[in-house]
Amino acid sequence: MKEKLAATDFTAEAGGGAVSATVNGKLAIVNLKIAEQIRNDPTTDYDLLETLIKAAISAAQAQAADAAAKAMKELTGGMDIAEG
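Heads up: take any position in the sequence shown, counting from 1, add 1, and you land on this note's numbering.
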């Protein structure tokens, strides 16, 4: 199960697709895309862009964490087993 989850990619967008981030099942960033219109716009607000990048990464990591929790719940037959 760990290997399958680690090999799965999770992608999320922020800013209506302005930024896209992909993480793997280990929550490592494997891809980050910034829309061409953002890259080519000389008036780009870089503070906003940084916020969008963080939001996209966080959302993709949340998807991966949710998938891991779901897989663990299925594996344990629905029993809640706390890690730690």
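The beta carbon of each residue, even a glycine, is placed where N, CA and C say it ideally should be. None of these values were measured; they are calculated from a predicted model.
- Around the beta carbon of THR44, a 10 Å sphere encloses fewer than 16 other beta carbons of the protein chains shown; the residue is thus reported as exposed.
- Cβ contact annotation for LYS71 (same chain, cutoff 8 Å, sequence separation greater than five): none.
- For ASP10, no alpha helix (DSSP H) encloses it; the enclosing beta strand (DSSP E) starts and ends at 10-15.
- Excluding sequence positions up to five before and after ALA7, its CB lies within less than 8 Å of the CB of ASN25, GLY26 and LYS27, all in the same chain and listed in chain order.
- Inclusion of ILE39 and ALA56 in the CB contact set at 9 Å is not warranted, their separation being larger than that value.
- By the C-beta density criterion, THR77 is exposed, having fewer than 16 other C-beta atoms within 10 angstroms.
- The bridge partners DSSP lists for LYS34 are SER21.
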